[in-house]
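Engineer: One structure, as structure tokens, below. Some questions next.
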Amino acid sequence: MAVLFCVVIMVTHGFGNGLVPAFLPRIAEQLESGYGVLGLAVASGLMAYGLGAAIGVKVIDRFPLQAILLASLAVGAAGFLVIVWVDSAPALAGCVAIISLVSPISWAVSVRLIASVVEPSSHGRVMSVAGAGAGAGGGVNGLFVLLFAEPGQWRWAFFIASAVAVLAALAAIVVLPGGTISGAGSSSGRPRAWREAWSLRAGRTVMLVSVALGVTGFPFISYMSATAEEEFMGSALAMAVLWWVASSVGLVTAVLAGLWSDRASPVLVIGVIALTYTTTLTFFAINWSYGGLLAAAIGFGLFNYPTWGLLGHLAGQRITEPALALRAVSGGLTGAAFFATGAVILTGWWIDQAGTFRIPAIVLAGLGCLTAIWLATEYRREPRPS
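Residue numbers (the numbering used here): 1 to 386.
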């Protein structure tokens with residue numbers, strides 16, 4: 001079950017949110033667009049992601065979960081296929097927005113399905129491995145960058161992503177119990193559900209950490225390939241290594257963090273890996289080199305890929321009503337997408353003006369440090385078992 005959801009998130013998030021940033025230098029070259037313009041294309045995806053996260057809870061209330069998951073994969077497959085033929089930044093932005101609209105819905109459905117079909121004692125590891133599907137997609141993105149390094153070849157990566165989405169849908173049909181799990185009647189659509197989720201300490205923690213994760217993570221991953229090529233004269237192999245390292249670290253950390261969170265507080269686990277990411281970003285800002293960028297990629301993989309699953313585990317563990325837990329997760333995704341949109345746009349504008357990613361890296365390191373400190377205070381406030 002963990003493998004299935006890992007593949008689903010690999011398609012919707014690893015490819016959906018990562019393929020365009022991975023090929024950003026190649027796309028900019030062929031479409032003759034600056035990073036500010038392409039940053040808007042990436043940001044359009046984040047805006048659509050936030051909208052999808054906001055409406056996802058209502059969709060889940062009204063349709064069978066398996067049908068929603070299959071529809072999300074089908075939309076993603078179609079979007080990837082259309083990108084194969086786009087010839088302008090606005091057209092690319094439109095496709096990215098469509099794919100990103102269904103991505104958070106697939107994640108919300110995955111959270112509910114895991115809660116329904118997986119033993120509670122295994123929720124932490126299954127959720128974290130599922131969330132690390134984005135990391136698995138990042139590794140495949142690195143392979144694509146290496147294989148399709150010539151001008152125009154980047155379109156093949158989106159064709160393959162479309163085929164993988166179809167295969168994931170077929171696997172979901174085979175593995176998931178058909179027609180027995182529905183989100184209808186969850187009551188998550190009641191008018192005050194958002195406010196009730198925010199009123200809970202665990203709900204606020206999930207939402208705020210999600211926002212911090214989006215703001216500190218999305219700008220880095222959006223311009224990681226561009227920074228390697230433009231500032232450090234990296235080759236296709238150098239860019240691919242960044243994605244491979246982040247992916248492999250994320251997958252390994254997901255398993256270990258999931259096991260740890262089944263035995264300890266998820267807040268503690270998230271806080272430790274947030275501090276590690278901040279440390280690598282600080283090292284990168286000081287040691288401005290490809291080696292520093294590689295260290296930051298390690299920290300990004302460690303922090304970003306497992307944490308989304310850990311937040312889902314935290315919501316399910318601390319919020320007794322499933323509808324409110326889902327609201328907390330969806331609210332966090334919405335906030336993360338909207339705030340990250342502004343961060344990505346500003347970062348792209350800065351790179352076009354100043355020609356360097358260094359100042360944004362320093363800002364991200366500072367925000368990561370504040371996040372780690374806040375998580376430490378939240379952990380200290382948690383009641384301890386007698």
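C-beta: ideal position from N, C-alpha, C; glycine also.
Pull up the distance between the alpha-carbon of Val-215 and that of Leu-259, whole angstroms please.
Structural biologist: The residue you call residue 215 lines up with position 215 of the sequence shown. The residue you call residue 259 lines up with position 259 of the sequence shown. Cα to Cα, the separation comes out at about 27 Å.
Engineer: Thinking C-beta only, is Val-145 closer than 8 Å to Leu-311?
Structural biologist: Looking up residue 311 in the sequence shown gives position 311. Looking up residue 145 in the sequence shown gives position 145. Their beta carbons are not under 8 Å apart, which means Leu-311 does not touch Val-145 by this criterion.
Engineer: I'd like to know whether the C-beta atoms of Ser-330 and Ala-43 end up nearer to each other than 8 Å.
Structural biologist: For the purposes of this step, residue 330 is taken as residue 330 along the sequence shown, with counting starting at 1. For the purposes of this step, residue 43 is taken as residue 43 along the sequence shown, with counting starting at 1. In this structure, Ala-43 does not lie closer than 8 Å to Ser-330 by Cβ.
Engineer: Around the C-beta of Val-249, are 16 or more other C-beta atoms found within 10 angstroms, so that it is buried, or is it exposed?
Structural biologist: On the sequence shown, position 249 is the one that residue 249 refers to. Buried, by the Cβ-count rule.
Engineer: Just how far apart, CA to CA, sit Arg-62 and Met-239?
Structural biologist: As a working mapping, residue 62 is identified with position 62 in the sequence shown. As a working mapping, residue 239 is identified with position 239 in the sequence shown. Their backbone Cα atoms lie some 43 Å apart in a straight line.
Engineer: Which residues in the same chain as Leu-367 place their Cβ atom closer than 8 Å to its Cβ, once the five residues preceding and following it in sequence are excluded?
Structural biologist: Position 367 of the sequence shown holds residue 367. Same-chain partners within the cutoff: Ala-212, Val-215 and Thr-216.
Engineer: Express the C-alpha separation of Val-129 and Phe-300 in angstroms, rounding to a whole number.
Structural biologist: If you number the sequence shown from 1, residue 300 lands on position 300. If you number the sequence shown from 1, residue 129 lands on position 129. Cα to Cα, the separation comes out at about 16 Å.
Engineer: I believe Gly-335 touches Ser-210 by the beta-carbon criterion, under 8 Å. Please report the beta-carbon distance rounded to the nearest angstrom.
Structural biologist: For the purposes of this step, residue 335 is taken as the residue at position 335 of the sequence shown. For the purposes of this step, residue 210 is taken as the residue at position 210 of the sequence shown. Contact flag correct, Cβ pair sits at about 6 Å.
Engineer: In angstroms, rounded to a whole number, what distance separates the CA positions of Gly-291 and Thr-276?
Structural biologist: Numbered from 1 along the sequence shown, position 291 holds the residue referred to as residue 291. Numbered from 1 along the sequence shown, position 276 holds the residue referred to as residue 276. Cα to Cα, Gly-291 sits roughly 16 Å from Thr-276.
Engineer: Beta-carbon within less than 7 Å of Trp-243's beta-carbon, same chain only, minus the 5 sequence neighbours each way: which residues are those?
Structural biologist: In the sequence shown, residue 243 corresponds to position 243, counting from 1. Ala-22, Gly-138, Gly-139, Asn-141, Gly-142 and Val-145.
Engineer: Check each candidate in Leu-176, Phe-80 and Ser-261 and name the one with the smallest Cα separation from Leu-65.
Structural biologist: In the sequence shown, the residue the question calls residue 65 occupies position 65. Closest option to Leu-65, Cα to Cα, is Leu-176.
Engineer: In whole angstroms, what is the alpha-carbon distance linking Leu-391 and Ala-163?
Structural biologist: Any property of residue 391 remains undetermined from this structure, which presents the chain solely from 1 to 386.
Engineer: Taking the C-alpha atoms as reference points, what is the distance between Ser-186 and Pro-322?
Structural biologist: Within the sequence shown, residue 186 is the residue found at index 186, counting from 1. Within the sequence shown, residue 322 is the residue found at index 322, counting from 1. Its pLDDT being 48, under 50, Ser-186 is placed unreliably in this model, and the value from its coordinates should be taken loosely. Their Cα atoms are separated by approximately 8 Å.
Engineer: With a 10 Å radius around its C-beta and 16 neighbouring C-beta atoms as the bar for buried, classify Ile-359 as buried or exposed.
Structural biologist: Counted from its first residue, the sequence shown places residue 359 at position 359. By the neighbour-count rule (16 or more Cβ atoms within 10 Å), Ile-359 is not buried but exposed.
Engineer: Kindly give me the distance between the Cβ atoms of Gly-135 and Ala-325, rounded to whole angstroms, as I take these residues to be in contact under 8 Å.
Structural biologist: Numbered from its first residue, the sequence shown carries residue 135 at position 135. Numbered from its first residue, the sequence shown carries residue 325 at position 325. Not quite, the Cβ-Cβ distance comes to about 23 Å (not below 8 Å), so this is no contact.
Engineer: In the structure shown, what three-state DSSP assignment does Ile-99 receive?
Structural biologist: Counted from its first residue, the sequence shown places residue 99 at position 99. Helix at Ile-99.
Engineer: Out of Leu-69, Glu-32, Ala-296 and Asp-262, state which residue places its alpha-carbon closest to the alpha-carbon of Phe-5.
Structural biologist: For this step, residue 5 is matched to residue 5 along the sequence shown. Nearest of Leu-69, Glu-32, Ala-296 and Asp-262 to Phe-5, Cα basis: Leu-69.
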